[in-house]
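Working notes, beginning with the structure itself.
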Amino acid sequence: MLRSDKVKPPLGQRPGAVFQITCTCGALYIGETGNSVSHRFAEHLRSLTRYRNAEERHMGLDVRTRGRPQTLEAASVMQKALDSSAVAEHAVACRKTATDLSISVLHRELHYKRREIIEALYVRHNRTINKDAGHAVSEAWLPLTAGNMCLHANPTETHHLTAASIADGLSPYDYTREPTGHPSFP
24 MLRSDKVKPP
34 LGQRPGAVFQ
44 ITCTCGALYI
54 GETGNSVSHR
64 FAEHLRSLTR
74 YRNAEERHMG
84 LDVRTRGRPQ
94 TLEAASVMQK
104 ALDSSAVAEH
114 AVACRKTATD
124 LSISVLHREL
134 HYKRREIIEA
144 LYVRHNRTIN
154 KDAGHAVSEA
164 WLPLTAGNMC
174 LHANPTETHH
184 LTAASIADGL
194 SPYDYTREPT
204 GHPSFP
């Protein structure tokens with residue numbers, strides 16, 4: 024017998040995706056995650072926030088946070104934040120805030136190795152701010168994939184997530200893009 028009472032997680036909380044983070048200046052970051060896309064986007068935003076807080080501390084501004092006072096040097100925290108995220112590095116260099124970044128799903132894939140290869144092909148066929156080219160893919164595949172427009176960064180799912188929607192607790196599947204490219208809420 025088939026069961027129909029199984030609870031499926033919402034699409035925004037399902038693991039395994041290749042995604043793109045887009046800056047308002049047009050820069051693209053393509054990545055993959057075994058977690059949900061919203062979780063990975065929040066990690067990039069935390070790196071940016073960590074950098075901004077350390078920068079304020081480094082400039083001598085009185086930064087009040089909850090918990091213990093920061094014991095690490097501000098300069099080393101700033102460098103660590105930039106090393107951990109190409110998105111944070113771009114946002115700092117481009118003088119952008121978290122609200123200037125948005126994320127879209129390019130491809131869903133649960134299998135780790137397939138997801139790595141798909142990410143590497145997307146990175147090779149698009150101009151990105153990624154720090155590396157991803158998983159090594161044989162050069163034999165490049166002529167076969169070069170003419171295929173499906174590897175150009177056009178999201179397959181029309182769901183769109185911004186820093187503001189993460190702060191509101193929304194997922195990419197709580198609203199969709201209108202044909203104009205602007206989100207519409209339910």
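So for the sequence shown, the working numbering puts the first residue at 24; every next one is plus one.
Glycine included, each C-beta is placed from N, C-alpha and C at the ideal position.
#1: Can you give me the C-alpha to C-alpha distance between LYS29 and ASN153, rounded to a whole angstrom?
#2: Between HIS158, THR122, ALA116, ARG138, which has its C-alpha nearest VAL128's C-alpha?
#3: Alpha carbons only, please: which of ALA156, HIS158, ARG147 is nearest the one belonging to GLU166?
#4: With distance defined between alpha-carbon atoms, name the residue in LEU95, SER99, ALA98, LEU124 nearest to ALA109.
#5: Is it buried or exposed, ARG118, if we count other Cβ atoms within 10 angstroms and call 16 or more buried?
#6: If I measure Cβ to Cβ from ALA156 and keep anything under 8 Å in the same chain, skipping five residues before and after, which residues do I get?
#7: Going by the DSSP bridge assignment, what does THR56 pair with across the sheet?
#8: Please give the ranges of any beta strand (DSSP E) in the stretch 67-155, keeping only runs that are unbroken, at least 3 residues long and fully inside the region.
#9: Can you give me the Cβ contacts of THR151 inside the same chain, cut-off strictly under 7 Å, excluding the 5 residues immediately before and after it?
#10: Three-state secondary structure (DSSP) at LEU25?
#11: Assuming the contact rule is C-beta atoms closer than 8 Å, ILE126 and VAL60 should be a hit. Round their C-beta distance to whole Å, please.
#12: Check whether the Cβ atoms of LEU84 and ALA114 sit closer than 9 Å, and answer yes or no.
#13: Confirm the yes/no value for this check: CB of ALA104, any heavy atom of the ligand FAD, distance under 8 Å.
The answer reads as follows:
#1: To locate residue 29, count along the sequence shown from 1; it is residue 6. To locate residue 153, count along the sequence shown from 1; it is residue 130. Distance between the alpha carbons of LYS29 and ASN153: 38 Å.
#2: Translated into the one-based positions of the sequence shown, residue 128 becomes position 105. When each option's Cα is compared against that of VAL128, the closest is ARG138.
#3: Residue 166 sits at position 143 when you count from the first residue of the sequence shown. Strictly speaking, residue 166 in this sequence is Pro, with Glu absent from that position. With distances taken between Cα atoms, PRO166 lies closest to ARG147.
#4: Walking along the sequence shown from the start, residue 109 turns up at place 86. It is LEU124.
#5: The count along the sequence shown starts at 1 and reaches residue 118 at position 95. When all chains shown are included, ARG118 counts as exposed.
#6: In the sequence shown, counting from the first residue as 1, residue 156 sits at position 133. Cβ neighbours of ALA156 beyond the five flanking positions: ALA143, VAL146, ARG147.
#7: Counted from its first residue, the sequence shown places residue 56 at position 33. DSSP output for THR56 lists ALA40 as bridge partner(s).
#8: 124-131
#9: In the sequence shown, counting from the first residue as 1, residue 151 sits at position 128. LEU51, TYR52, ILE53, listed in sequence order.
#10: Residue 25 sits at position 2 when you count from the first residue of the sequence shown. LEU25: coil per DSSP, three-state reduction.
#11: Within the sequence shown, residue 126 is the residue found at index 103, counting from 1. Within the sequence shown, residue 60 is the residue found at index 37, counting from 1. Indeed, because the Cβ distance is near 6 Å, the residues count as touching under 8 Å.
#12: As a working note, residue 84 is residue 61 in the sequence shown. As a working note, residue 114 is residue 91 in the sequence shown. The answer is no: Cβ separation not under 9 Å.
#13: This structure lacks the ligand FAD, and indeed carries no ligand of any kind.
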